[in-house]
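Some notes on the structure that comes next.
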Amino acid sequence: MILREPGVDDYPAIVGVWRSAVTATHDFLATEHFAEIERALPGDYLPNVTLTVAEHQGRIVGFSGVAENRLEMLFVHDDVRGTGVGTRLLDDAIERLEVTELDVNEQNPHAVEFYRRRGFEQVARSDLDGDGLPYPILTLALRR
1 MILREPGVDD YPAIVGVWRS AVTATHDFLA TEHFAEIERA LPGDYLPNVT LTVAEHQGRI
61 VGFSGVAENR LEMLFVHDDV RGTGVGTRLL DDAIERLEVT ELDVNEQNPH AVEFYRRRGF
121 EQVARSDLDG DGLPYPILTL ALRR
């Protein structure tokens, strides 16, 4: 597996990874919100973060997005979840991009536990997500 910076031509594969991951882990997300986010990814979200993709045998299987010291997104294709792709992306974001903070959906307990096992602890909670929707968000910070 290699980590690399993607180009705009990789956006369809990145959106495919997002779709697979969210379908598998975000059963709380309303269908209309899923569709809105999916439409906004290529134009509004992806260009505004430093992206890294995990590629295995020529296929993008995961990605992360970082802005300043915040991990804004980390998604792994459901086919490879639990194989170390997410850990590799997170380690890269911490080491290379100096990530110290992230938000995670409280209703995604597997992700919350993933980050806690890797040294993050809750420092804040919001009843609403960044778009003002009723999806509680936990802010986690890396313990040093």
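Sequential numbering of the sequence shown, starting at 1, is according to the numbering used here.
Cβ coordinates follow ideal geometry from the N, Cα and C atoms, glycine included.
None of the values given here were measured: they were computed from a predicted structure.
Cβ of residue i within 8 Å of any chain C Cβ
i	result
E101	Within the model displayed, chain C is absent; a lone protein chain is all it includes.
Short Cβ contact (8 Å threshold) for residue i with residue j
i	j	result
T50	L97	yes
Separation of residue j from residue i, as counted between CA atoms
i	j	result
S126	P136	6 Å
R117	D44	31 Å
P134	H56	35 Å
E36	E95	32 Å
V112	V17	19 Å
A21	L74	10 Å
G132	P109	21 Å
G58	A13	11 Å
D91	E32	33 Å
G82	L128	28 Å
N105	R19	16 Å
Beta-carbon contacts of residue i that lie in its chain and below 8 Å, excluding the five residues immediately before and after
i	result
A54	M1, I2, L3, I60, V61, G62, F63, V76, V85, R88 and L89
Y11	L41, P42 and L46
A124	L138 and T139
Nonlocal neighbours in the same chain, by C-beta distance under 6 Å from residue i, ignoring five residues either side
i	result
P6	L51 and V53
Q122	L138 and L140
A93	S64, V66, L71 and V99
V80	V61
Of the listed residues the options, nearest to residue i (C-alpha basis)
i	options	result
R70	D131, V99 and A111	V99
R143	Y115, G16, A111 and V66	Y115
D78	T23, V8, V15 and I14	T23
E101	G119, H110 and Q107	G119
V8	S20, N48 and E32	N48
R39	G132, G58 and V15	V15
D103	E68, R19, E32 and G130	G130
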